[in-house]
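Everything on this sheet refers to the single structure shown next.
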Amino acid sequence: MKNLSKLLVIVLMMCYVTISAQMEFSLLSPDKKIEVKVSVGEKIEFAVLKKGKQLITPSSIAMNVNENVMLGVNAKVKNTKTNSVNQILQREVRQKSKEVRENYNELTINFKENFALTFRAFNEGVAYRFETSLDGDMKVNSETYSVNFAGDYLCYFPEEQSFMSHNERVFNPIMLKDIKEKQFASTPTIIDTKEGTLIGITESDLEDYPGLWLRGTAQNSLAGIFPAYVLEAQLKRDRDLMPTKRAEYLALTKGTRTFPWRIFAITNNDGDLITNEMVYLLSKPNQLNDISWIKPGKVAWDWWNFNNIYNVDFRAGVNTETYKYFIDFASKYGIEYIILDEGWYKLGDLLSVEPEMNVQEIIDYGKKKNVGVILWVIWKTLDDQLQPALDLFEKWGAKGIKVDFMQRDDQEIVNYYWKVAREAAKRKLLVDFHGAFKPSGLFRAYPNVITNEGVKGLENDKWETNVTPEHCVTLPFTRMFAGPMDFTPGAMVNVAKASFKPMFTQPTSMGTRCQQLAMYVVYESPLQMLADNPTNYYREPVCMEFLSKVPAVWDKTIVLDSKIADYVLLARQSGNDWYLGAMTDDKARDFVVDFSFLDKGTYTADIWQDGINADRNGNDFKKISVEVTIETKLNIHLAPGGGWVARVYKK
0 MKNLSKLLVI
10 VLMMCYVTIS
20 AQMEFSLLSP
30 DKKIEVKVSV
40 GEKIEFAVLK
50 KGKQLITPSS
60 IAMNVNENVM
70 LGVNAKVKNT
80 KTNSVNQILQ
90 REVRQKSKEV
100 RENYNELTIN
110 FKENFALTFR
120 AFNEGVAYRF
130 ETSLDGDMKV
140 NSETYSVNFA
150 GDYLCYFPEE
160 QSFMSHNERV
170 FNPIMLKDIK
180 EKQFASTPTI
190 IDTKEGTLIG
200 ITESDLEDYP
210 GLWLRGTAQN
220 SLAGIFPAYV
230 LEAQLKRDRD
240 LMPTKRAEYL
250 ALTKGTRTFP
260 WRIFAITNND
270 GDLITNEMVY
280 LLSKPNQLND
290 ISWIKPGKVA
300 WDWWNFNNIY
310 NVDFRAGVNT
320 ETYKYFIDFA
330 SKYGIEYIIL
340 DEGWYKLGDL
350 LSVEPEMNVQ
360 EIIDYGKKKN
370 VGVILWVIWK
380 TLDDQLQPAL
390 DLFEKWGAKG
400 IKVDFMQRDD
410 QEIVNYYWKV
420 AREAAKRKLL
430 VDFHGAFKPS
440 GLFRAYPNVI
450 TNEGVKGLEN
460 DKWETNVTPE
470 HCVTLPFTRM
480 FAGPMDFTPG
490 AMVNVAKASF
500 KPMFTQPTSM
510 GTRCQQLAMY
520 VVYESPLQML
530 ADNPTNYYRE
540 PVCMEFLSKV
550 PAVWDKTIVL
560 DSKIADYVLL
570 ARQSGNDWYL
580 GAMTDDKARD
590 FVVDFSFLDK
600 GTYTADIWQD
610 GINADRNGND
620 FKKISVEVTI
630 ETKLNIHLAP
640 GGGWVARVYK
650 K
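Going by numbering that gives the first Met the number 0, the sequence shown opens with residue 0, and the numbers climb by one from there.
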């Protein structure tokens, strides 16, 4: 009994030491509805609750650096610091709105091992990131990023097959436990608790570090994975730099730095994912002194329509005459830009223009017509010729570059994005990244990064059948949550889902004409494409009444009704005018549009709506005009795969 008593005392003492070494911290959002709990002991864990209900159960986070030094295992707290921010920011380039409220509470935990963890709790979600204060350079071997959920939730999982990817995926709904360990996805990824709460997962302030991907665990959790540092790569064609040997570490970087923010947007309203600004708010602030030259707008695009203009007296194709025709079209309808896509230069050499093309003549012609020219380039060729190529583009008077086919987000390629953004800004060139990973904050640090692909967009209609109405109405809640989305809408030949067939040279879209029009209101891209060919647009003057007027950036956004993967109805303000857009999946839907967001007075609403036969022929639409006031409640109908748009302006 005496020995047993001694043993109990020892056990109790051990328990006391363990318990006393465990430190607990709590951080509330400004509205006190979201709570982050942080536990520091043998490991660091965080949990997230909303209104007292646990959404994310204790989940481990750590970093392995240098010679297997674990930051986050048996870490010792040095001190803590708290902070609160509540202010209004003016966006450099309007996207959802011209003003953004930045309102959060912050907890920073400093550790004796020369690192820190900062948590921020917004009313719209939570985020955390690591910060290190180590001498010299450092090697990041791995990052522990685990997210354990409180249930077997539904996940909109953009599954990938390789780290070499355009990140153009379908967001397939799948239960967490059904996602196997070998299955992985790019981000953003959306979790639906099916109890009224959505969780959006992505990152921000990604610099000098690989991007975040997620893999399954066959449990109620997801684990972060990251593309390792590339040691050797093989170039295939002029554009596909395929990694052939990767290191056993993620990054070689500075020892003193901050790391990307890990974001969890949390909402009980699906539409809040559309208006969520956490990626912007957690980005590095604007790095440019002068941004007055950055002009958002619409752009006439050649590649999707294969330059298939007609009823002209010259041979259509990649030639000077064809692009002057594009410029004439853009000028007539007030479209700010055209793009010279693939074919204007001899592949492999940006300084060697194809003989059928006179780029200087095209740009000069555009200047006379008040239309800017954006030049498409292969990323690798641009990297090899960065300074002379950009200098030449500036000399010509080009307004921007469309950089294509990176297909990676390891540390080297992430750094490439920043380099291109910096060098382009020096020459007052806009940048549109295609073949790209999702936006991760660069668009705030360098506002000349005007838009970003990384989305399964309209171009896929040329070769596959996956750009369905359901996919199109899922994107505003998923991919667009991360930032600007260059979907490239605007098809003027529209067919029902059952009749759709991919065609490379004369492509069509699935769904109705009005769904294509609605994308210009629903989809956010400060450089918004018109994908079809000018001849087709000339034949559609009623649609061009809308497309010529609809802005590419917005002062304010209000989501009126929405459900992820099913439908969306929203209103966006630009100056004194409002634009409304609605989209539905494969189901016909009826809505009541409540105009109570208007100021007092009488307005005219020009409306483009699905025609009575739009379910059979997607080209069928009708334009009407009605008077509306703050009291108006308007019944509208959308055909399967349909859409609806309105321009509302004071009489």
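We put the CB at the ideal spot given by N, CA and C, even for glycine.
Going by the DSSP bridge assignment, what does residue i pair with across the sheet?
i, result
"THR601", "None, per the DSSP bridge assignment."
"GLN608", "LYS621, TRP643"
"LYS244", "GLU231"
"GLN89", "GLU98"
"ASP136", "LYS253"
"PHE653", "There is no way to answer for residue 653, as the model of the chain reaches only from 0 to 650."
"ASN63", "MET69, SER141"
"VAL376", "VAL402"
"SER573", "ASP576"
Beta carbon of residue i, beta carbon of residue j: below 8 Å?
i, j, result
"ALA397", "LEU349", "no"
"PRO242", "PHE225", "no"
"VAL402", "TRP378", "yes"
"VAL494", "LEU474", "no"
"SER59", "SER145", "yes"
"GLN89", "GLU523", "no"
"ILE293", "LEU429", "yes"
"ASP340", "ASP301", "yes"
"VAL39", "PHE118", "no"
"GLU452", "PHE432", "yes"
"VAL92", "VAL552", "yes"
"VAL169", "HIS470", "yes"
"THR252", "VAL139", "yes"
"PRO533", "ILE308", "yes"
Taking the alpha-carbon positions, what's the residue i to residue j distance?
i, j, result
"THR693", "GLY580", "Because residue 693 is not part of the residues shown, which for the chain are 0 to 650, the question remains open."
"SER110", "VAL47", "The sequence given here has Phe at residue 110, not Ser. Cα-Cα distance, rounded: 22 Å."
"PHE596", "SER96", "15 Å"
"ASN447", "GLN286", "11 Å"
"MET405", "PRO157", "19 Å"
"TYR336", "GLY371", "5 Å"
"ALA74", "THR143", "15 Å"
"ASP327", "VAL472", "33 Å"
"PRO325", "PHE590", "Here residue 325 is Phe; the residue named in the question, Pro, does not match the sequence. Answer to the nearest angstrom: the Cα atoms are 38 Å apart."
"MET22", "THR107", "14 Å"
"LEU7", "ASN102", "Residue placement at LEU7 is flagged as unreliable, the pLDDT there being 30, under the threshold of 50; the coordinate-derived value follows with that caveat. The straight-line gap from Cα to Cα measures roughly 50 Å."
"ASN2", "GLU41", "Here ASN2 scores only 43 on pLDDT, less than 50, and its place in the model is too uncertain to base an answer on."
"SER141", "TYR127", "17 Å"
"MET582", "ILE449", "25 Å"
"LEU546", "MET491", "12 Å"
"GLU652", "ASP363", "There is no way to answer for residue 652, as the model of the chain reaches only from 0 to 650."
"ARG588", "ASP614", "12 Å"
"LYS599", "TYR578", "17 Å"
"GLU105", "ILE55", "19 Å"
"GLY399", "THR631", "43 Å"
"LEU385", "PRO468", "40 Å"
"ASP390", "LYS425", "10 Å"
"VAL311", "ILE334", "21 Å"
"TYR648", "LEU569", "16 Å"
"PRO506", "LYS31", "51 Å"
Excluding sequence positions up to five away, which residues of its chain have a Cβ less than 7 Å from the Cβ of residue i?
i, result
"ARG100", "ILE87"
"LEU205", "PRO259, VAL413, SER439, GLY440"
"ASP408", "PRO209, GLY210, PRO226, PHE436"
"CYS513", "TRP607, GLN608, ASP609, PHE620, GLY641, GLY642, TRP643, VAL644"
"LYS650", "THR601, TYR602, THR603"
"GLN53", "ALA46, ALA149"
"GLY347", "ASP237, THR380"
"LYS176", "ASP151, ALA217, GLN218, ASN219"
"LEU133", "ASN113, GLY254, THR255"
Can you give me the Cβ contacts of residue i inside the same chain, cut-off strictly under 6 Å, excluding the 5 residues immediately before and after it?
i, result
"ASP605", "SER624, ARG646"
"GLN359", "TRP395"
"LEU633", "VAL592"
"LYS427", "TRP292"
"ARG135", "Position check: residue 135 holds Gly in this sequence, whereas Arg was assumed. Excluding sequence neighbours, GLY135 sits near GLY254."
"ARG214", "PHE183, ALA222, ILE224"
By Cβ distance below 8 Å, which residues in the same chain neighbour residue i in space, the five residues on each side in sequence not counted?
i, result
"PHE480", "PRO187, ILE189, GLY199, THR201, ALA264, LEU272, ILE273, ASN275, VAL278"
"LYS193", "TYR152, LEU153"
"GLN515", "PRO488, GLY489, ALA490, MET491, ASN493, SER508, GLY642"
Exercise. Are at least three pairs of beta-carbons, each pair with one atom in the stretch 271-289 and one in the stretch 195-205, less than 8 Å apart?
Worked result: yes
Problem set entry | the stretch 607-627 in contact with the stretch 549-565 per 3-pair CB rule at 8 Å | no
Exercise. Would the stretch 292-299 and the stretch 528-544 be scored as touching if the rule is three or more Cβ pairs under 8 Å?
Worked result: yes
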